[in-house]
Amino acid sequence: MAGEPSYLEKLFSLKGRVAVVTGGMGQLGAQYVGALAAAGAQVAVYDLQGKPNAALKKLAQSHEVRFFAVDITDRRSLEKATDELEAAWGAPGILINNAAIDFPPQPAGEKSVAGSLSQWERVLKVNVTGVFLCCQVIGERMGKARSGSIINISSTYGMVSPDQRIYSAPGRTGQFLKPAAYGVSKAGVLNLTRYLATYWADRGIRVNALSLGGVYNHQEPSFVKNYSQRAPMGRMAREDEYNGAILFLASDASSYMTGANLVIDGGWTAW
Ligand SMILES: NC(=O)c1ccc[n+]([C@@H]2O[C@H](COP(=O)([O-])OP(=O)(O)OC[C@H]3O[C@@H](n4cnc5c(N)ncnc54)[C@H](O)[C@@H]3O)[C@@H](O)[C@H]2O)c1
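Under my numbering, the first residue of the sequence shown is numbered -5, with each subsequent residue one higher.
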C-alpha cells in the first residue's frame, strides 16, 4: 500500500502540471518527456512531426503524453496546438524550449566561419526566434495563471567558443570548423532568458537556462576521443544525465531561482 508522499517526492512532484517539450521527439527531448511524465506531469510534445516514434508511443500507453505537429518558427501553428492543449488539459505550467538545429562542421575556408548565409539565418530562426515565439505564446498563458517555469536549453557553445581542434579527424583532409551560428544562437538564448526572467518575475513565471555539454550519440570514434580528452571528466554525457536538472528546474525544488544559467558540462567550461 502506498503511503504518504515523502518530503522529497513532494518537492519534485509535477502532479497536476501540464508541460510542453519542444523538439520532444529528438534524442534529449524524448528523455525530458519521460522524466516529466514519471514525475506526474501531463506532457505535450511539440515537434515538426505529430507522429511519435516507437519509444514515445509506448510511454504514452502508460503516461499522459500527447503529440502535436508544431513548427516553432510559425506562431499560428504554436497558437493552434496550444489552444487544443489548453482545451484538453488546461494552461501549460512548464515549457522546455529544447527544439533546435545545428549544421555539421565544415571544411575551413573563407565562408566557413558562419557556414552559408542561408544556414546562418535558418539556425537563428529556429534556435532564437523559435524560442522567443514559444515564450510569447505559452508565457502569455502562464501569465494569466500567474504561475510557470520556462527552461531554455542552451549549450557550452553559448558561453565559450568551440575548441575547433576536436573537429579534425584522421580521415579528413584540412581543418574542419564548427560554424559560428549555433554558438551565437545559444548565447542569444541565454540573454533572452535573463530578459524574460526579470520581465515576468512579478507574474509568477520563472525563466532559467540549462547549458549542456556534448552528448554521446554514436559520433565518429575520433570525435568522441578528441572530445573526451578535452573534457575534465574525460567523457561525453549520457543522454539521461540532464533529466535531474530538468526536474529540478521544472518543480518547486527551484522555486526561488530565476534568470539563472545552470551549467552541466562535465567541467568543459571550467578551464
Ligand atoms: N546533443 C548534444 O550534444 C547537445 C549539447 C548541447 C546542447 N544541446 C541542445 O539540446 C537540445 C536538444 O538536442 P538534441 O541533440 O536532442 O537534438 P535532436 O536533433 O535530437 O532533436 C531536436 C528536435 O527538434 C525538432 N525540431 C527542429 N526544428 C524544429 C521546429 N522548427 N519546430 C519544432 N521542432 C523542431 C526536431 O524535429 C528534433 O526532434 C537542443 O537545443 C541542442 O542545441 C544538445
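Glycine residues also receive a C-beta, built at the ideal position from the N, C-alpha and C atoms.
Predicted model only: the values in this text are computed from it and were never measured.
> Excluding the five sequence neighbours on either side, which residues of its own chain have a C-beta within less than 8 Å of the C-beta of T76, listed in chain order?
Replying inline: V14, P86, V131, I132 and R135
>> Nearest by alpha-carbon distance to N237: which of Q113, V122 and A33 is it?
In response: A33
> Assuming G23 contacts N92 under a Cβ cut-off of 8 Å, what Cβ separation, rounded to an integer in Å, is found between them?
Replying inline: 5 Å
>> Tell me the residue span of the beta strand (DSSP E) that contains I347.
In response: With the chain covering only -5 through 265, there is no way to say anything about residue 347.
> Is it right to say L204 is buried, meaning 16 or more other beta carbons lie within 10 angstroms of its own, or is it exposed?
Replying inline: buried
> G84 to I66, Cα distance in whole Å?
Replying inline: Rounded to whole angstroms, G84 to I66 spans 20 Å at the Cα level.
> Are there 16 or more other CB atoms within 10 angstroms of the CB of G9, so buried, or fewer, so exposed?
Replying inline: According to the sequence as given, residue 9 is Lys; it is not Gly. So K9 counts as exposed.
> Using a Cβ-Cβ cut-off of 7 Å (strictly less than) and excluding sequence neighbours within five positions of V125, which residues of its own chain qualify?
Replying inline: N91, N146, V183 and L186
>> Please tell me whether G208 and M227 are closer than 8 Å, where the distance is taken between their beta carbons.
In response: Result no, Cβ atoms of G208 and M227 do not sit closer than 8 Å.
> Is G142 helix, strand or coil by DSSP?
Replying inline: strand
> What are the residues that DSSP puts in a beta bridge with I147?
Replying inline: L204
> Does ligand 1 have a heavy atom nearer than 7 Å to the CB of I95?
Replying inline: yes
>> Give me the DSSP bridge partner(s) of Q36.
In response: In the DSSP output, where bridge partners are listed per residue, Q36 has V12.
> Looking at the structure shown, is I66 part of a helix, part of a strand, or coil, going by DSSP?
Replying inline: coil
> According to the Cβ coordinates, are L118 and A175 closer than 8 Å?
Replying inline: yes
> Across which residues does DSSP place R60 in a beta bridge pair?
Replying inline: As DSSP reads the structure, R60 sits in a beta bridge with A38.
> Does the segment 245 to 257 come close enough to the segment 97 to 104 that 3 or more CB-CB pairs lie under 8 Å?
Replying inline: no
> Would you call W114 buried or exposed, if buried means 16 or more other Cβ atoms sit within 10 Å of its Cβ?
Replying inline: buried
> Any idea what DSSP makes of N211, helix, strand or coil?
Replying inline: Correct three-state label for N211: coil.
> Does any heavy atom of ligand 1 sit closer than 7 Å to the C-beta of N211?
Replying inline: yes
> Can A82 and L53 be called in contact, C-beta distance under 8 Å?
Replying inline: no
> Which word fits V59, buried or exposed, when buried means at least 16 other C-beta atoms lie within 10 angstroms of its C-beta?
Replying inline: Burial is judged here by how many other beta carbons sit within 10 angstroms of a residue's own beta carbon; V59 has at least 16 and is buried.
> Thinking just about the alpha-carbon of each residue, which of A163, A264 and V201 is nearest to the one in M153?
Replying inline: Closest option to M153, Cα to Cα, is A264.
>> Taking 7 Å as the cut-off, is the C-beta of Q55 nearer than that to any heavy atom in ligand 1?
In response: no
>> Is the beta carbon of A244 closer than 8 Å to that of S143?
In response: yes
> How about S248: is its C-beta nearer than 8 Å to some C-beta of chain D?
Replying inline: The structure shown has no chain D; it contains just one protein chain.
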